[in-house]
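Contents: one structure, followed by commentary.
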């Protein structure tokens, strides 16, 4: 798959042939067809791998936080999301060419959204914030981070860390604080 990804990045998916992929991977064409029935299947597998690696990078960023530090975990998740997407957007754009945000069966989006929702629910259970609609807030944060990062990618910003920090802080403000009891 690494050979296919390298070729797709260099010359595009449509221009890349299966013959070129097997030559670059130094495997027989039969080996390719043992694992994939088509170039489209290869792209699906690359998409799954991309999502797994993306989720792992977010998880790794959160490992630096205590398991009950929900604010720290949220900030680390958002910051890592921005940084990882900026570093990998070219592969993202290849493997998710046919995915749309309105695709309700987008398993990659759902896996990342579930990870975010777990953080929001954890903070809610701990009394750190109290969003009335945790899933809606998660959808807004997910979509907002993705869209904002597309903007910084288009601007070709060299150091996206300050941008990631500002996005993280803006998203944190989307979560409501628990109501204090009247005295």
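Numbering (our numbering), first residue to last: 96 to 278.
We put the beta carbon where it would ideally sit given N, CA and C, even for glycine.
- By the neighbour-count definition (other C-beta atoms within 10 Å, threshold 16), residue 159 is an exposed residue.
- Annotation for residue 169: 214 place their beta carbon closer than 6 Å to its own, counting only its chain and skipping 5 residues before and after.
- Put simply, the backbone Cα of residue 100 is about 9 Å away from that of residue 108.
- Three or more pairs of CB atoms, one per stretch, sit closer than 8 Å, so the segment 173 to 186 contacts the segment 140 to 160.
- Put simply, the backbone Cα of residue 184 is about 34 Å away from that of residue 272.
- Between the alpha carbons of residue 161 and residue 136 lies a distance of about 39 Å.
- If you draw a 10 Å sphere on the C-beta of residue 242, you find fewer than 16 other C-beta atoms in it, and that means exposed.
- Spatial neighbours of residue 252 in its own chain (CB-CB distance under 7 Å, excluding positions within 5 residues in sequence) are listed in chain order as 258.
- Counting only the Cα atoms, residue 113 lies some 34 Å from residue 246.
- Check the Cα spacing between residue 106 and each of 120, 189, 147: the tightest is with 189.
- Cβ atoms of residue 229 and residue 212 come within 8 Å of each other, at about 6 Å.
- Counting only runs that start and end inside the segment 112 to 146, the alpha helix (DSSP H) elements of at least 4 residues fall at 113 to 120, 124 to 130.
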